[in-house]
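Colleague: Pasting a structure here, questions to come.
In this note's numbering, the protein residues as written are 64 to 370.
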């Protein structure tokens, strides 16, 4: 197996070099880099509530369970209602990172996983930001899936509420608003509080910032292929073609019962979510346009079919 400079920064350098030598009509790195399964590692940035569970399962089927590493989750942007809980969580993360750095073991590797096997993994995935993905001797080939920010936020609210309610007893002291308030009141409270991260989680996962530009650079310079959930079937086809494996297998997911039974947010609440999700809104638009350009350029009859 060839070896590559470690880290995602090396992937950006390789991509820039290839792009200078052979400019592409579309910004997707899959048009510049050829996936080599013997030398590369797929890294799936699984942003919560974007429909990525099905895609991750399909990628696992492709590489085989023995070569798939699911990382411990690091839920960036999760709301912690009391500031002392947020400060405590930040301190815990800092301590875990320091402990891992001293011990020479990535802080999100699952317990019981032999770190010596990391270079043998063909797929690494999890609710983990791009900046926190582990380095291996293989070249990282990064893929991700995004979703309309309003839909993603509403889905997240109902999901985290259902998870909290399933605890015994529910964490009423820790998350009273999540457990008892309507989504309209919850969003109004977050807006009054000046929260930004909770509405721009997709930017956080890709650019380590709630702003659009760092995430845009990650998409254009580091990510092999990205798409939005409304194009999931086309994404499976396009990604499978780029990886040389045919279409990625599908595993359908059901809408959570909690969301289906809940009253929908008021129109003004949806407007507030969209306004506060300005980074994610721009990012999703950017990815949607980039994937559409790739699809039209690589799929025979795609433009005619879409028109």
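Built from N, CA and C at the ideal position, the CB exists for glycine as well.
How about residue 179 and residue 126: do their beta carbons lie closer than 7 Å?
Modeller: No, the Cβ-Cβ distance between residue 179 and residue 126 is not below 7 Å.
Colleague: Please report the distance separating the alpha-carbon of residue 299 from that of residue 190.
Modeller: Rounded to the nearest angstrom, the two C-alpha atoms are 20 Å apart.
Colleague: What residue from 201, 290, 203, 243 has the CA that sits closest to residue 118's CA?
Modeller: Comparing Cα-Cα distances from residue 118 to each of 201, 290, 203, 243, the minimum goes to 290.
Colleague: Does the beta carbon of residue 107 fall short of 6 Å from some heavy atom of the ligand PLP?
Modeller: Ligands in the displayed structure: none, and consequently the ligand PLP is not present.
Colleague: To the nearest angstrom, report how far apart residue 170 and residue 155 are at their CA atoms.
Modeller: When rounded, the distance between both Cα atoms is 12 Å.
Colleague: Can you check which of these residues, 230, 226, 220, 311, is closest to residue 250 by C-alpha distance?
Modeller: Ranking 230, 226, 220, 311 by Cα distance to residue 250 puts 220 first.
Colleague: Give the secondary structure of residue 106 by DSSP, where H, G and I count as helix, E and B as strand, and everything else as coil.
Modeller: Strand at residue 106.
Colleague: Just the Cα atoms here: how many angstroms apart are residue 116 and residue 109?
Modeller: Approximately 8 Å between the Cα atoms of the pair.
Colleague: Considering residue 259, what are the terminal residues of the alpha helix (DSSP H) in which it resides?
Modeller: Per DSSP, residue 259 belongs to no alpha helix (DSSP H) and is neither H nor E.
Colleague: I'd like to check one pair, residue 93 with residue 445: are the Cβ atoms closer than 7 Å?
Modeller: Given that the chain is displayed from residue 64 to residue 370, the structure contains no residue 445 and the question cannot be resolved.
Colleague: In the DSSP assignment, find the beta strand (DSSP E) that holds residue 327 and state where it starts and stops.
Modeller: First-last for residue 327: undefined, no H or E at that position.
Colleague: DSSP beta-bridge partners for residue 131?
Modeller: Beta-bridge pairing links residue 131 to 186.
Colleague: Exposed or buried, what is residue 86 when buried is set at 16 or more other beta-carbons lying within 10 Å of its beta-carbon?
Modeller: Confidence is the limiting factor: at residue 86 the pLDDT is only 45, short of 50, which leaves the residue's position unreliable, though a coordinate-based value still follows. Label assigned to residue 86: exposed.
Colleague: Specify, as a first and last residue, the run of the beta strand (DSSP E) that residue 305 falls within.
Modeller: It is not in any beta strand (DSSP E) - residue 305 instead sits in the alpha helix (DSSP H) that spans 295-306.
Colleague: What is the DSSP secondary structure of residue 281, reduced to helix, strand or coil?
Modeller: Of the three classes helix, strand and coil, the one that applies to residue 281 here is helix, per DSSP.
Colleague: Can you tell me whether residue 199 is buried or exposed? The criterion is at least 16 other CB atoms within 10 Å of its CB, across all chains shown.
Modeller: Classification of residue 199: buried, given that the 10 Å Cβ count is 16 or more.
Colleague: Starting from the C-beta of residue 213, find all residues in its chain whose C-beta is less than 8 Å away, skip the five residues before and the five after it, and write them out in chain order.
Modeller: Once the five neighbours on either side are set aside, the close Cβ partners of residue 213 are 333, 336, 337, 340.
Colleague: Hey, could you find the ends of the beta strand (DSSP E) residue 196 is sitting in?
Modeller: Where residue 196 is concerned, there is no enclosing beta strand (DSSP E), given that its DSSP letter is neither H nor E.
Colleague: Quick one, are the C-beta atoms of residue 201 and residue 343 less than 7 Å apart?
Modeller: No, Cβ-Cβ distance for residue 201 and residue 343 is not below 7 Å.
Colleague: Taking the Cβ atom as the reference point for each residue, do residue 244 and residue 297 lie within a distance shorter than 7 Å?
Modeller: Cβ atoms of residue 244 and residue 297: not closer than 7 Å.
Colleague: Given residue 229, which residues of its chain have a CB within under 7 Å of its CB, disregarding the five upstream and five downstream residues?
Modeller: No residues qualify anywhere along the chain.
Colleague: What is the rounded straight-line gap between the Cα of residue 204 and the Cα of residue 100?
Modeller: Their Cα atoms are separated by approximately 10 Å.
Colleague: Sort out for me which residues DSSP pairs residue 288 with in a bridge.
Modeller: According to DSSP, which records beta bridges pairwise, residue 288 is partnered with 206.
Colleague: Report the residue from 209, 265, 210, 238 whose alpha carbon sits nearest the alpha carbon of residue 223.
Modeller: The shortest C-alpha separation from residue 223 is found at 238.
Colleague: Do residue 242 and residue 232 count as a contact pair if the criterion is CB distance below 7 Å?
Modeller: Cβ atoms of residue 232 and residue 242: not closer than 7 Å.
Colleague: Within this structure, are the beta carbons of residue 132 and residue 206 separated by less than 7 Å?
Modeller: It is not a contact, given that the beta carbons lie outside the stated cut-off.
Colleague: Taking only the alpha-carbon atoms, compute the straight-line gap between residue 139 and residue 310 and give it to the nearest angstrom.
Modeller: If I take the Cα positions, the gap works out to 30 Å.
Colleague: Decide if residue 248 is buried, meaning its Cβ has at least 16 other Cβ atoms within 10 Å, or exposed.
Modeller: Residue 248 is exposed by the Cβ-count criterion.
Colleague: Apart from the five residues just before and just after residue 268, which ones in its own chain have a Cβ nearer than 7 Å to its Cβ?
Modeller: Counting only Cβ-Cβ distances below 7 Å, and skipping sequence neighbours, we find 108, 110, 139, 192, 193.
Colleague: Run the CB neighbour count on residue 106, radius 10 Å, all protein chains shown included, and call it buried at 16 or more, exposed below.
Modeller: Looking at its Cβ environment, which holds 16 or more other Cβ atoms inside 10 Å, residue 106 is buried.
Colleague: Closest by CA to residue 113, which one among 361, 362, 353, 347?
Modeller: Nearest of 361, 362, 353, 347 to residue 113, Cα basis: 347.
Colleague: Return yes when the Cβ of residue 209 is within less than 7 Å of the Cβ of residue 265, no when it is not.
Modeller: Contact: yes.
Colleague: Hey, how far is the Cα of residue 124 from the Cα of residue 313?
Modeller: So the alpha carbons of these two residues sit roughly 10 Å apart.
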